[in-house]
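For the record, in the sequence shown the residue sitting at position 142 is 272 according to this note's numbering, with numbers rising by one throughout. Even for Gly, the Cβ is constructed at its ideal location relative to N, Cα and C. The structure appears below as structure tokens.
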Amino acid sequence: MQAPNCPEKDSTVIALQAIKHIRRQAPWMLLLLAGAALAEPRPITELPLESAGDGQWLLPAGEYRGQFIIDQPMHLRCAAGAMLDGQGQGNLVTLGAPGVTFEGCTLRNWGRDLTAMDAAIFIQPKATGAVVRDNHLQGPGFGIWLDNVSSAQVLGNHIQGDPSIRTQDRGNGVHVYLSKDALIGGNYVQHTRDGIYIDASTYCAIEDNVFEEVRYAVHFMWTNNTRVVGNLTRRTRTGYALMQSRSLTVTGNRSEHDQNYGILMNYITYSTIRDNFVSDVQRGDTEGDSMISGGEGKALFIYNSLFNTIEHNHLARSGLGIHLTAGSEDNRISGNASSATSNRSSTSPPATRNGRWTVAVTTGATTWAGTATTMASATWPTSPTTTSTACSGCTRRYAC
């Protein structure tokens with residue numbers, strides 16, 4: 131016999147099922163709400179800014195949590211003791227208007243999602259002429275990201291990554307993408323992935339920065355007409371990784387105690403590498419550190435690079451002075467001093483066209499003697515008889 135219908139019982143069951151469904155969906159709803167909140171940073175004008183006159187504003191001491199955007203031209207300076215905390219999510223400060231200066235602030239704990247390009251300071255394309263100066267950044271994601279912007283300046287910032295995270299999972303200290311006329315100067319970067327990564331950009335300048343304990347200190351990809359002057363790299367896995375770029379001017383830089391390569395050139399053309407000082411390059415101590423097999427401590431590695439001028443560099447106390455390989459042709463290599471290296475120079479395989487490898491060193495830093503060895507069109511003596519400790523290629527900031 132069929133039981134009679136019980137409308138009250140049916141409605142109770144339906145209500146319980148609905149509650150269970152809502153409970154199952156609640157975490158996803160919270161995530162969606164969090165994402166929606168993250169997508170809309172607060173205007174920084176909601177903070178208790180104090181007017182300093184003439185478009186200048188001061189952020190008083192205190193801790194300010196969340197994500198913020200500067201969407202109007204202004205000059206914002208932080209007072210001593212002012213700190214911005216990103217609560218582990220997204221970009222902490224976004225510059226979204228032309229003519230913004232952001233200086234003297236302490237930023238920490240922004241997002242670590244590299245796919246989402248989480249950065250302490252994200253400079254949007256519309257932020258032409260942005261100036262980011264004298265800030266202290268400490269966090270896991272990117273430090274300062276320049277995104278298709280013109281005439282931005284990143285000056286005198288102190289950027290610290292998170293050494294507890296694998297190097298590959300950290301953000302770059304400064305990331306420059308599709309930008310023009312950027313100036314990256316006087317910054318200190320440590321424990322990030324790359325010190326500065328510059329991609330598809332033109333007419334930029336990287337000057338007087340210090341990079342320590344990062345993967346590649348200065349990393350170029352598809353960037354042209356850019357200068358690298360007076361920088362110092364220490365204890366990195368490659369000092370200057372210059373790749374797929376042309377018309378670079380790389381002068382007066384130092385590489386000290388880096389691993390694998392002091393200066394690496396991979397398909398670099400029509401560029402000048404001059405007056406640089408590279409010393410104590412070591413073999414990498416972790417598998418996979420070398421971008422190209424054979425990173426046994428090379429001061430200068432020239433790979434598939436053409437039409438360059440490489441002169442008056444001082445290469446000291448490294449496993450190999452200069453390694454020229456993979457079709458590197460039509461380069462002018464002259465006046466370079468190589469002291470206390472286990473091998474002076476190497477080509478592998480030989481070049482097939484004429485290249486100019488000048489072995490007469492007129493600066494007096496190295497005196498060559500011995501039987502000349504010829505491989506294809508490159509000629510050099512087999513060994514030097516004397517070397518000098520004279521410091522060649524120092525920058526204007528760092529004494530020998």
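- [ ] Mark residue 195 as exposed unless 16 or more other C-beta atoms lie within 10 angstroms of its C-beta, in which case mark it buried.
- [x] As a first step, residue 195 must be located in the sequence shown, where it is residue number 65. The residue in question, residue 195, is exposed, as its Cβ has fewer than 16 Cβ neighbours within 10 Å.
- [ ] Look up residue 351 in the DSSP assignment and give the residues it is bridged to.
- [x] As a position in the sequence shown, residue 351 is number 221, starting the count at 1. According to DSSP, residue 351 bridges with 329, 373.
- [ ] Name, in chain order, the residues that DSSP records as bridge partners for residue 407.
- [x] For the purposes of this step, residue 407 is taken as the residue at position 277 of the sequence shown. DSSP, once it has assigned bridges, lists 384, 444 as partnering residue 407.
TODO: Mind the definition here: the region 259 to 274 touches the region 224 to 232 only if three or more C-beta pairs lie below 8 Å; say whether that holds.
DONE: yes
- [ ] Look at the alpha carbon of residue 369 and the alpha carbon of residue 180, and state the distance between them as a whole number of angstroms.
- [x] To locate residue 369, count along the sequence shown from 1; it is residue 239. To locate residue 180, count along the sequence shown from 1; it is residue 50. Going from the Cα of residue 369 to the Cα of residue 180 covers about 43 Å.
Task: Close-in-space but distant-in-sequence residues of the same chain around residue 204 (CB under 7 Å, 5 per side omitted) - done: Indexing the sequence shown from 1 puts residue 204 at position 74. Cβ within range, chain order: 185, 187, 230.
Open item on the list: Below 8 Å on the Cβ atoms is my contact criterion, and I expect residue 387 with residue 405 to pass it. Report the Cβ-Cβ distance as a whole number of Å.
Closed with: Sequence index remark: in the sequence shown, residue 387 carries index 257 (1-based). Sequence index remark: in the sequence shown, residue 405 carries index 275 (1-based). Not quite, the Cβ-Cβ distance comes to about 20 Å (not below 8 Å), so this is no contact.
Task: Residue from 294, 265, 253, 426 with nearest C-alpha to residue 280 - done: Walking along the sequence shown from the start, residue 280 turns up at place 150. Ranking the options by Cα distance to residue 280, first place goes to 253.
Task: Identity of the residue in 389, 336, 353, 239 nearest residue 308 by Cα - done: Stepping through the sequence shown from its first residue, residue 308 is reached at position 178. For residue 308, the nearest C-alpha among the options comes from 353.
Task: Residues bridged to residue 280 [DSSP beta-bridge criterion] - done: Working through the sequence shown from its first residue, we reach residue 280 at position 150. For residue 280, which the question treats as bridged, DSSP gives the partners 310.
Task: residue 295 versus residue 246: straight-line alpha-carbon distance, rounded - done: For the purposes of this step, residue 295 is identified with residue 165 of the sequence shown, where counting begins at 1. For the purposes of this step, residue 246 is identified with residue 116 of the sequence shown, where counting begins at 1. Spanning the two alpha carbons is a distance of roughly 18 Å.
Open item on the list: On the DSSP bridge list, what partners appear for residue 238?
Closed with: Working through the sequence shown from its first residue, we reach residue 238 at position 108. Answer by DSSP bridge pairing, in chain order: 215, 268.
- [ ] Check whether the Cβ atoms of residue 338 and residue 316 lie closer than 9 Å to each other.
- [x] Walking along the sequence shown from the start, residue 338 turns up at place 208. Walking along the sequence shown from the start, residue 316 turns up at place 186. Their beta carbons are under 9 Å apart, which means residue 338 touches residue 316 by this criterion.
- [ ] Please classify residue 171: is it buried, with 16 or more other beta-carbons within 10 angstroms of its beta-carbon, or exposed?
- [x] Position 41 of the sequence shown, counting from 1, holds the residue named residue 171. It is buried - the Cβ of residue 171 has at least 16 other Cβ atoms within 10 Å.
Task: Pick from 453, 448, 446, 400 that is closest to residue 439, judged by C-alpha positions - done: The residue given as residue 439 occupies position 309 in the sequence shown. The option with the nearest alpha carbon to residue 439 is 400.
- [ ] Would you mind reading off the limits of the beta strand (DSSP E) that contains residue 261?
- [x] Position 131 of the sequence shown, counted from the start, is the residue given in the question as residue 261. It spans 261 to 263 - the beta strand (DSSP E) in which residue 261 sits, taken as one unbroken run.
TODO: Give the single residue among 232, 342, 463 whose Cα lies nearest to the Cα of residue 282.
DONE: The residue given as residue 282 occupies position 152 in the sequence shown. That would be 232, whose Cα lies nearest to the Cα of residue 282.
Task: Beta carbon of residue 341 nearer than 9 Å to that of residue 356 - done: Position 211 of the sequence shown holds residue 341. Position 226 of the sequence shown holds residue 356. No, Cβ-Cβ distance for residue 341 and residue 356 is not below 9 Å.
Task: Alpha carbon of residue 276 to alpha carbon of residue 327, nearest angstrom - done: The residue labelled residue 276 in the question sits at position 146 within the sequence shown. The residue labelled residue 327 in the question sits at position 197 within the sequence shown. So the two alpha carbons sit approximately 10 Å from each other.
- [ ] Rounded to whole angstroms, what's the CA-CA distance from residue 464 to residue 265? Just pull it up for me.
- [x] Here residue 464 refers to the residue found at position 334 when the sequence shown is read from its first residue. Here residue 265 refers to the residue found at position 135 when the sequence shown is read from its first residue. The straight-line gap from Cα to Cα measures roughly 41 Å.
Task: Whole-angstrom C-beta distance between residue 390 and residue 367, which should lie under 8 Å - done: Position 237 of the sequence shown, counted from the start, is the residue given in the question as residue 367. Position 260 of the sequence shown, counted from the start, is the residue given in the question as residue 390. 6 Å between Cβ atoms; contact.
Task: Distance between residue 298 and residue 347 (C-alpha atoms, nearest Å) - done: Sequence index remark: in the sequence shown, residue 347 carries index 217 (1-based). Sequence index remark: in the sequence shown, residue 298 carries index 168 (1-based). Their backbone Cα atoms lie some 14 Å apart in a straight line.
Task: Residues bridged to residue 589 (per DSSP) - done: The question about residue 589 has no answer, for the chain in this structure spans 131 to 530.
Task: Cβ neighbours of residue 218 in the same chain (closer than 6 Å, five flanking residues each side left out) - done: Working through the sequence shown from its first residue, we reach residue 218 at position 88. If we look at residue 218 and ignore the five residues flanking it on each side, its Cβ neighbours are 239.
TODO: Output the distance between the C-alpha atoms of residue 311 and residue 334, rounded to the nearest integer angstrom.
DONE: Counting from 1 along the sequence shown, the entry for residue 311 is found at position 181. Counting from 1 along the sequence shown, the entry for residue 334 is found at position 204. Roughly 5 Å separates the two Cα atoms.
TODO: Rounded to whole angstroms, what's the CA-CA distance from residue 374 to residue 396? Just pull it up for me.
DONE: Against the sequence shown, residue 374 aligns to sequence position 244. Against the sequence shown, residue 396 aligns to sequence position 266. Each residue's Cα considered, the two are about 6 Å apart.
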